[in-house]
């Protein structure tokens, strides 16, 4: 069983740029959630996708957007990057029924 | 709104000693509760979860947690820690009808000394 994989693992961007992070969900999982984890803090819920539709959003501005594809993989896009966007971005996949989120190892974004 | 407080930022424990990590939650009803562990440079791994039923929950790696409704707490325990238990631990809460959108605490870092 393949776990959740995220790419890239590390990247550096400058303020104002745009970034796309990718996530391949675990086999059989139809729900993907994205979390932002700033240094020294707990993860914060960004949004969740279920069967290609957004299914809830946390307190993040519209420049954070996402997609889920028919194979249930997902992308997180962030436009107009700000310094405070520097964080570890975690993707988690699950089924709607189980309540267990399986997390990837994350993409560490540094904004200079 | 749901929220989680982990009062201890950092705990140091000797190998072989017991460990207890505190978690208090705020939610209008009985929520779903979780404990996750994160090793350096890694993602989060689920240790255990509480949905309903027996308030003492057993998890992986010898961990257990007890749900106490009267105290709005879900403390994590391990009778005897191993050096490999050094990590960051997160308590999380989700409402029963919000499709497991988790709210995490700020985490407790556990250091194990020989």
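Protein chains in written order, with the working numbering: chain A, 1 to 112; chain B, 1001 to 1114. Cβ coordinates follow ideal geometry from the N, Cα and C atoms, glycine included.
is_contact[residue 100 of chain A, chain B] using C-beta, thresh 8 Å: Counting from 1 along the first chain, the entry for residue 100 of chain A is found at position 100. Yes - at least one Cβ of chain B is within 8 Å of the one on residue 100 of chain A.
Beta-carbon contacts of residue 1046 of chain B that lie in its chain and below 7 Å, excluding the five residues immediately before and after: Mapped onto the second chain, residue 1046 of chain B falls at position 46. 1034 and 1036.
Check whether residue 42 of chain A and residue 1090 of chain B have beta carbons under 8 Å apart: Here residue 42 of chain A is taken as the residue at index 42 of the first chain, counted from 1. Here residue 1090 of chain B is taken as the residue at index 90 of the second chain, counted from 1. Yes; because the gap between Cβ atoms is below 8 Å, this pair is in contact.
Chain B within 8 Å of residue 60 of chain A, Cβ atoms only: Taking the first residue of the first chain as 1, we reach residue 60 of chain A at position 60. No, residue 60 of chain A does not count as interfacial toward chain B.
Residue range of the beta strand (DSSP E) that includes residue 1108 of chain B: In the second chain, counting from the first residue as 1, residue 1108 of chain B sits at position 108. 1108-1113 is the extent of the beta strand (DSSP E) around residue 1108 of chain B.
Sheet register partners of residue 107 of chain A (DSSP bridge): Position 107 of the first chain, counted from the start, is the residue given in the question as residue 107 of chain A. According to DSSP, residue 107 of chain A bridges with A:89.
Span of the beta strand (DSSP E), counted from its first residue to its last, around residue 1023 of chain B: Within the second chain, the letter at position 23 stands for residue 1023 of chain B. Counting along the chain, residue 1023 of chain B falls outside any beta strand (DSSP E), and DSSP gives it neither H nor E.
Partner residues on chain B for residue 105 of chain A, Cβ-Cβ distance less than 9 Å: Counting from 1 along the first chain, the entry for residue 105 of chain A is found at position 105. Here the neighbours are 1041, 1042 and 1043.
Exposure label - residue 1031 of chain B; buried when at least 16 CB within 10 Å: Here residue 1031 of chain B corresponds to residue number 31 of the second chain, with the count starting at 1. By the 10 Å Cβ count, residue 1031 of chain B comes out buried.
Near-chain B residues of the stretch 56-89 of chain A - C-beta to any C-beta below 8 Å: 56 and 58
Beta-carbon proximity of residue 1101 of chain B to residue 1092 of chain B, cut-off 8 Å: Reading the second chain from its first residue, position 101 is the one you call residue 1101 of chain B. Reading the second chain from its first residue, position 92 is the one you call residue 1092 of chain B. Not closer than 8 Å, so no.
Below-8 Å beta-carbon distance, residue 1050 of chain B vs any chain A residue: Within the second chain, residue 1050 of chain B is the residue found at index 50, counting from 1. With 8 Å as the cut-off, residue 1050 of chain B does not count as an interface residue toward chain A.
Buried or exposed (CB count within 10 angstroms, at least 16 for buried), residue 82 of chain A: For the purposes of this step, residue 82 of chain A is identified with residue 82 of the first chain, where counting begins at 1. Counting Cβ neighbours within 10 Å, residue 82 of chain A comes out exposed, since fewer than 16 surround it.
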